[in-house]
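Engineer: In the numbering used here, the protein residues as written are 11 to 542.
To start, I am sharing the structure in question, which I have written as structure tokens.
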Amino acid sequence: MTDRAVIEEAAAGATPEPSHPTHLRPLTGGALVLGTVALSLATFMNVLDTSIANVSLPAIAGDLGVSSSQGTWVITSFGVANAIAVPLTGFVTQRFGAVKVFVTSILLFTLFSFLCGQAPSLPVLILFRVLQGASAGPMIPLSQTLLLSSYRTERSGMALAMWSMTTLVAPITGPLLGGWITDNISWPWIFYINVPVGLICASVTLTIYRSRETPTRKLPIDWTGLGLLVVWVGALQIMLDKGQELDWFGSSLIRMLAIAAFIGFVLFLIWELHDEHPVVDLSLFKIPNFTIGTIMLALAYGMFFGSLVLLPLWLQEFVGYTATDAGEVLAWVGLFALAISPVIGRYVQSVDTRWLTTVSFVVFALVFWMRSKFTIGDTYWDYSLPTVVQGISTAMFFIPLLAIVLGGLPPHRIASASGLSNFARITAGSFGTSIYTTWWANRAILHHVQLSEHIAQGNPAADSALELAGRLGLNHQQALGLIDRLVQQQSYTIAVDEMFRLSAWLFLALIVLVWLVKPARNGVKVDASAAH
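So, in structure tokens, the structure goes:
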């Protein structure tokens, strides 16, 4: 049977029979629209909160009377708690039901957002950020699960398109919105804005999905596995977040965290693979498409997110852009991403997802190659054009990969698979950020030494610069300081170009993994019979 025939057969059989469970019957009309908006908005709010506080850290630290380095725990605490909670989604969903867990997560997230804005001190703010991050964990995987159950099988790609658009736009919107709120109102409002959004999402979701609760079963709690998960994920996330600041393995704290993460991870694997009711369903990795798709999703997202951090840092520190200007450069990704994503979502069922993913990786490689040509003298549009093109690759990125990861799984495994793949994606984002910023700094130091040695040999350009500085009224030390700043500027520019060039080659290398995936026969199919 041809792929096309299989697709048509799946589409023809997509209408649920009366015997199908209520929670798997597709929504229609206004209920489908409102449900999609509520689930997508909840996802947007969640992802937004991972980045909105970044630009507000100086204001938060100043108001609470702490140093900037202490203030970074506002980011780290949320990330650690969120990373721990995400892979638990499958377990809590089976125990309590997807709708109940999702709505509870939104309400708790909303409550702790409000309390974050009320925090009178840094320790209290960190406590509420931990609780906020933990409550946010199940929201993203379950938004995928509920969306897929809301659409007919042949339109599951459209459900993933709606989800992916919010995931793409939110990290870019976060710094822009956070900077504007901090500058024009006050930093607590970066948390307060979640309150009305959260209440609306929870009420709409409860109204539409209350009668669509998923089957539950009372499973024993794997306390040992849960404890090991907290140890190794917590240690790993803190190590990644604080490594650059503490000089990595030159710090005894980082070494201790690395050892704790490694030992905890090994013990976690051994325990979960042999426990009868594991807190994380690692058996999903026995499915080749899930494993390969998750690896590709993690590696590609790590590079995508690493560049998302690196580019605005370079623009602000060495080109002279403000946070808002740098955010605008990144915002251009939405031009094509938002326009193309619905089209990809509509036709993903009738196109081999491997070709879509290949095109995405090729365009990503092109984007990073274009960025590898950046200089400090380029115009705004020189910096923005690659981001515009990147919108094409991002539109073809999440939807096909999620179709590969979740395709063919029975409904009772969707939440676990979504939680596990999102955990890999989030963790890879942390790795990407740490690796990109560390290698960038290290390469810049190397280039600074090389350029300085070259100048010290009596370079005519350096002599001319010193002479010009003297004419401008600078003394010898001030002139040397000016030249050092110029050398530093060029060193970091060369280094950022190298990071982008390396990313281009890595995206091309990822194409090899794409073609190890077995061709998808009918997209993300929800098998109702497996729910019983």
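Note that the Cβ used here is the ideal one computed from N, Cα and C, for glycine as well.
Bear in mind the structure is a predicted one, so any value in this text is a computation, not a measurement.
1) What would DSSP say about E463, mapped onto helix, strand or coil?
2) A529 lies in the alpha helix (DSSP H); which residues open and close that run?
3) Ends of the alpha helix (DSSP H) at A375?
4) Let me know the secondary structure DSSP gives E286 once reduced to three states.
5) Counting Cβ pairs, one atom from each stretch, are 3 or more of them under 8 Å apart for the segment 162 to 179 and the segment 348 to 355?
6) Can you give the beta carbon distance from G303 to V377, rounded, assuming they're within the 8 Å contact cut?
7) Which stretch, first to last residue, makes up the alpha helix (DSSP H) that contains Y393?
8) Identify whether P151 lies in helix, strand or coil by the three-state DSSP scheme.
9) Quick one: what's got a C-beta closer than 7 Å to S403's C-beta in the same chain, skipping five residues either side?
10) Between the alpha carbons of D257 and F272, how many angstroms are there, rounded?
11) Beta-carbon separation of I305 and V96 under 8 Å?
12) When burial is assigned at 16 or more other CB atoms within 10 Å of the CB, is V459 buried or exposed?
13) Spell out a yes or no on whether the segment 85 to 103 and the segment 146 to 166 are touching, meaning 3 or more CB-CB pairs, one atom from each, closer than 8 Å.
14) Alpha carbon to alpha carbon, how far is Q128 from P198? Give it in angstroms, no decimals.
15) Would you tell me roughly how many angstroms separate the C-alpha atoms of F441 and K110, rounded to the nearest one?
16) Candidates T447, N194, T503 and M313: which alpha carbon is nearest K383's?
17) Report the option in G337, W233, L490 and S160 whose CA atom is closest to the CA atom of P288.
18) Taking all protein chains shown into account, decide if Q154 is buried (16 or more other Cβ within 10 angstroms of its Cβ) or exposed.
19) Return yes when the Cβ of T120 is within less than 8 Å of the Cβ of L209, no when it is not.
20) Should I191 and G344 be called a contact, given that it needs their Cβ atoms to be closer than 8 Å?
21) Taking the alpha helix (DSSP H) that A144 belongs to, which residues open and close that run?
22) Where do the ends of the alpha helix (DSSP H) carrying G237 lie?
23) If you run the structure through DSSP and keep just helix, strand and coil, what is R220?
24) Can you give the beta carbon distance from W450 to V524, rounded, assuming they're within the 8 Å contact cut?
25) Check each candidate in W365, I150, I218 and T368 and name the one with the smallest Cα separation from L42.
26) Measuring CA to CA, which of F201, D335 and P36 is closest to N558?
27) Please name the residue, chosen from Y161, S462 and S426, that lies closest to G100 on a Cα-to-Cα basis.
28) For A341, which option in A438, L461 and W391 has the closest C-alpha, if you only look at C-alpha atoms?
29) Given V522, which residues of its chain have a CB within under 6 Å of its CB, disregarding the five upstream and five downstream residues?
30) The alpha helix (DSSP H) with V96 in it runs from where to where?
31) Starting from the Cα of L496, find the closest Cα among L156, Q254, V329 and M266 and give me that residue.
32) Which residues bound the alpha helix (DSSP H) around N485?
33) I need the DSSP call for I62, collapsed to helix, strand or coil.
34) I need the DSSP call for P28, collapsed to helix, strand or coil.
Structural biologist: A quick look at the data gives this:
1) helix
2) Before going further, note that residue 529 is Pro rather than Ala in the sequence given. Run containing P529: none; DSSP gives neither H nor E here.
3) T363 to R381
4) coil
5) yes
6) Actually they do not touch by this definition, with Cβ atoms about 22 Å apart.
7) Y390 to A405
8) helix
9) S370, V373, F374 and V377
10) 19 Å
11) no
12) exposed
13) yes
14) 7 Å
15) 32 Å
16) T503
17) W233
18) buried
19) yes
20) no
21) L132 to A146
22) W233 to K252
23) helix
24) About 28 Å separates the two Cβ atoms, so there is no contact after all.
25) I218
26) The structure shown does not extend to residue 558, since the chain is modelled only from 11 to 542, so the question has no answer here.
27) S426
28) W391
29) none
30) Unbroken run through V96: none, as it is neither H nor E.
31) V329
32) Where N485 is concerned, there is no enclosing alpha helix (DSSP H), given that its DSSP letter is neither H nor E.
33) coil
34) In this predicted model, P28 has a pLDDT of only 40, less than 50, meaning its place in the structure is not dependable; the value taken from the coordinates is given anyway. Coil, per DSSP.
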